[in-house]
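Participant:
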Amino acid sequence: MQNPLIYWLRQDLRIHDNPTLSAAVKTDRPIITVYILDQNPRDKWAIGSASRWWLHHSLNEFSHSISELGGRLILRKGNAIEELDNIINETGADSLYFTRQYEPYASRLEKQVHDRFCDQIEVKRFKGYLLHEPEDIRTGNDQPYKVFTPFYKSCLKAGSPSQPISPPESLAVYKKKISSDLLNDWKLLPKQPNWAHQFNDYWLPGENGAHQHLSEFITHAGSKYSILRNRPDVTGTSRLSAHLHFGEISPRQVWTTIKNYQHNIPDSGEAYLRQLIWRDFSYHLLVHWPDFPDKPFRPEFDKFPWKPNKKALQKWQQGQTGYPIVDAGMRELWKTGWMHNRVRMIVASFLIKDLLIPWQQGEKWFWDTLVDANLANNAAGWQWVAGCGADAAPYFRVFNPVLQGEKFDPQGDYVRTWIPELKSLPKKYIHSPWLAPDEVLSSAGITMGKDYPQPIVDHSKARDRALEAYQELKAVLV
DNA sequence: TGAAATGTTGGGGCG
DNA sequence: ACGCCCCAACATTTC
28 MQNPLIYWLR QDLRIHDNPT LSAAVKTDRP IITVYILDQN PRDKWAIGSA
78 SRWWLHHSLN EFSHSISELG GRLILRKGNA IEELDNIINE TGADSLYFTR
128 QYEPYASRLE KQVHDRFCDQ IEVKRFKGYL LHEPEDIRTG NDQPYKVFTP
178 FYKSCLKAGS PSQPISPPES LAVYKKKISS DLLNDWKLLP KQPNWAHQFN
228 DYWLPGENGA HQHLSEFITH AGSKYSILRN RPDVTGTSRL SAHLHFGEIS
278 PRQVWTTIKN YQHNIPDSGE AYLRQLIWRD FSYHLLVHWP DFPDKPFRPE
328 FDKFPWKPNK KALQKWQQGQ TGYPIVDAGM RELWKTGWMH NRVRMIVASF
378 LIKDLLIPWQ QGEKWFWDTL VDANLANNAA GWQWVAGCGA DAAPYFRVFN
428 PVLQGEKFDP QGDYVRTWIP ELKSLPKKYI HSPWLAPDEV LSSAGITMGK
478 DYPQPIVDHS KARDRALEAY QELKAVLV
């Protein structure tokens, strides 16, 4: 009997187009598929609450899929090195396969695992989470990129990703008894209160859900993506972010699928593929600047005169700022674990510029509440809006929440969906209810300050204050 | 992947 | 008919 091989699951919870799994199966050896919930307190970006909900269901789905292939998912909790060591000792496994991750904590762990076991057993790391490895895309001067467009061009020049590979038909499972935790014992799901009770209405974690979203996107929204991707009131995006995050679908599966349809939808196809390259770009930045999630890419922003404000932060978190488009976004996030990307920019701009609250506090809230919370993308998004990132929006670019609402939610349907107390307000005032005449408010059944808050800041004054703060920063630097 | 302030132009009202 | 003003509408600059 051959020694077993350990397939250490990371963020690659899929059967299709999984190079690590396929390579493991190809060895014809018994496979031990193990997921380790690493709870090292030294990981300052440990998985957030909404992501735990997703992970629970995703592991459940993956467990079914691997069972159908004849395998079995082993669950372990604790220090990854210790758990791997235990399994190696218990089973005599002499190979360890896994898919590469890129977060600073994850890379460090992978290196430690490699160093710890490589003399003793075969340790193999596979790619599959990105379209391009962060090290492979370099400027002419052999530097990492700091600007998106040249990075994008460089990726296109590097050639199309290779074709996805088919799933294995079956695998040889390691037959001897090996202990596994029960998924339910991990308590990844919220109990009291169960704030995730509505997530099920919106999401189907796992590989099937991912493919469902992708094919729906292709048949419905895909052709209009370039026009509708900024419209939170319609389904104009693919909603694949969480599936991609957990590796339930690979970026090259998505890439190839879109490419195959691109002749029908040239503009939309390109716009969408561009977004996939943004994902690579975020990882490119994270790998080369590991402080990216914590510190402004442009260090001078450490001296920005922020005005942290617990109460205002809470109003923002609860969707009670008095600006409907902001509140709708924050409530969509709370109810569904997700927010439309256009609205993410609007709420981020509001927190950073209207409230002058440090971007890291918004980043943390997103980290805990998004089912697609992703260290690289989240950091890149917040730094972009704050104006302190690589290739970021200039600081003086301040979103006007009323205009953004009128432009991207023209009928107000998005606002009415998430702020039911405003549902009878006519569209003229739906993005600025404080301007509505008394008779309009009363016939809509709204008492301002009671049913819906007055704006917590005057945007026009807040904008001036933000610009002054920016001037102050420049003055400090002189 | 902005918005506001400022500048320019041209048609129409009107003395 | 002419000059003047007003002010959309659009363009450019500034933050």
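Using my numbering, read the first sequence as starting at 28 and increasing by one per residue.
For glycine and all other residues, C-beta sits at the position ideal for the given N, C-alpha and C.
Fair warning: this is a prediction, and the values are worked out from it, not measured in the lab.
1. Give me the Cα-Cα distance between N168 and A185, rounded to the nearest whole angstrom.
2. Suppose you measure from the CA of R358 to the CA of Q345; what does that come to, to the nearest Å?
3. With a CB to CB cut of under 8 Å and the five nearest residues on each side skipped, what residues in its chain are close to K286?
4. DSSP three-state call for F319: helix, strand or coil?
5. Would you say the segment 276 to 284 touches the segment 136 to 151, given that touching needs at least three Cβ pairs under 8 Å?
6. Could you round the C-beta distance between Q128 and Y156 to whole angstroms and report it? I think they count as a contact, below 8 Å.
7. In the DSSP assignment, the alpha helix (DSSP H) including T60 goes from what residue to what residue?
8. Residues in its own chain within less than 7 Å of D208 by CB, not counting five upstream and five downstream?
9. Expressed to the nearest angstrom, what Euclidean distance is found between the alpha-carbon atoms of K334 and G349?
10. With DSSP as the reference, identify every bridge partner of V200, one or two as the case may be.
11. Considering only C-alpha positions, which residue in the set R424, N401, W365 and S242 is nearest to S376?
12. Can you check which of these residues, K251, P326 and K450, is closest to N291 by C-alpha distance?
13. Could you tell me whether the segment 443 to 451 touches the segment 323 to 341, using the rule of 3 or more Cβ pairs below 8 Å?
14. Which whole-angstrom value describes the C-beta separation of E234 and E196, a residue pair presumed to lie in contact below a C-beta threshold of 8 Å?
15. If you run the structure through DSSP and keep just helix, strand and coil, what is R103?
16. Report the three-state DSSP secondary structure of G126 (helix, strand or coil).
17. In angstroms, rounded to a whole number, what distance separates the CA positions of F178 and N106?
18. By Cβ distance below 6 Å, which residues in the same chain neighbour M366 in space, the five residues on each side in sequence not counted?
19. Using the DSSP secondary-structure output, state which residues sit across from P366 in a beta bridge.
20. When DSSP labels each residue in this structure, what does R358 get in the three-state scheme?
21. Where L111 and L36 are concerned, what is the direct C-alpha to C-alpha distance, given to the nearest angstrom?
22. With a threshold of 6 Å on Cβ separation, who are the neighbours of G408 within its own chain once the five nearest residues in sequence on each side are excluded?
23. Going by DSSP, name the residue or residues bridged to Y34.
24. Taking a contact to mean a Cβ-Cβ separation below 9 Å, would you say D395 touches S76 in this structure?
25. CB I42 to CB P194, shorter than 9 Å?
26. Out of F273, L468 and K488, point me to the one whose CA is closest to T126's CA.
27. Taking only the alpha-carbon atoms, compute the straight-line gap between Q387 and L198 and give it to the nearest angstrom.
28. Confirm, please, whether the CB-CB distance from F244 to R279 is below 9 Å.
29. Once you ignore the five residues that flank P385 on each side, which residues in its own chain have a CB closer than 7 Å to its CB?
30. Between A50 and the rest of its own chain, which residues show a CB-CB distance below 8 Å, the 5 nearest in sequence each way excluded?
31. For A73, which residues in the same chain have their Cβ closer than 8 Å to its Cβ, ignoring the five residues on either side in sequence?
Facilitator: According to the structure data:
1. 16 Å
2. 7 Å
3. S187, G296 and L300
4. coil
5. no
6. 7 Å
7. No alpha helix (DSSP H) holds T60; the beta strand (DSSP E) holding it covers I58 to L64.
8. L102, R103 and K104
9. 20 Å
10. I58
11. R424
12. K251
13. no
14. Incorrect: roughly 16 Å between the Cβ atoms, too far for contact.
15. strand
16. Residue identity check: residue 126 is Thr in the sequence provided, not Gly. Strand at T126.
17. 37 Å
18. G356, E359 and L360
19. With the sequence shown as reference, residue 366 is identified as Met, and Pro is not the correct amino acid for it. BP columns for M366 are empty, so no partner.
20. helix
21. 12 Å
22. none
23. T60 and Y124
24. yes
25. yes
26. F273
27. 44 Å
28. no
29. W333 and P335
30. Y124, K151 and F153
31. Q66 and N67
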